[in-house]
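The opening residue of the sequence shown carries number 1 in full-length UniProt numbering; numbering runs sequentially from there. A short write-up of the structure that comes next.
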Amino acid sequence: MQITIRDYQGYRCCYEVKETDNVEILKAMVEFKTGITDRCSYRLVYGCKSLEDGHKIGDYNIRNMSTIDMFINMTGC
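Shown next, in the form of structure tokens:
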């Protein structure tokens, strides 16, 4: 299925994933495309829920053509 990640600046990028893929696989794809090197520096949110490692994409009821938001974690705040 195809999903879209919308970053904090509003830019969108499409990814091809399966419902059975782990969240870690999606995060690795995001890091590769964006150049982010620190997994703790951002979080992915869908339907007011943060996508946590150890879960499958389908666990969050993410479906084809869904949009997931990426938020940057502010350190020191």
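Heads up, the beta-carbon is just placed ideally off N, CA and C, and yes, glycines get one too. Note that the structure is a prediction, hence the values are computed from the model and not measured.
Taking the C-alpha atoms as reference points, what is the distance between M65 and V45?
To locate residue 65, count along the sequence shown from 1; it is residue 65. To locate residue 45, count along the sequence shown from 1; it is residue 45. One C-alpha to the other measures close to 15 angstroms.
What residues match up with L44 in a beta bridge as DSSP calls it?
For the purposes of this step, residue 44 is taken as residue 44 along the sequence shown, with counting starting at 1. According to DSSP, L44 bridges with M70.
Cα separation between A72 and F32?
By one-based count along the sequence shown, residue 72 stands at place 72. By one-based count along the sequence shown, residue 32 stands at place 32. The question names Ala, but residue 72 in the sequence shown is Ile. When rounded, the distance between both Cα atoms is 16 angstroms.
Can you give me the C-alpha to C-alpha distance between I36 and N61, rounded to a whole angstrom?
Working through the sequence shown from its first residue, we reach residue 36 at position 36. Working through the sequence shown from its first residue, we reach residue 61 at position 61. So the alpha carbons of these two residues sit roughly 26 angstroms apart.
Is R6 helix, strand or coil when you go by DSSP?
One-based indexing of the sequence shown puts residue 6 at position 6. Three-state result, R6: strand.
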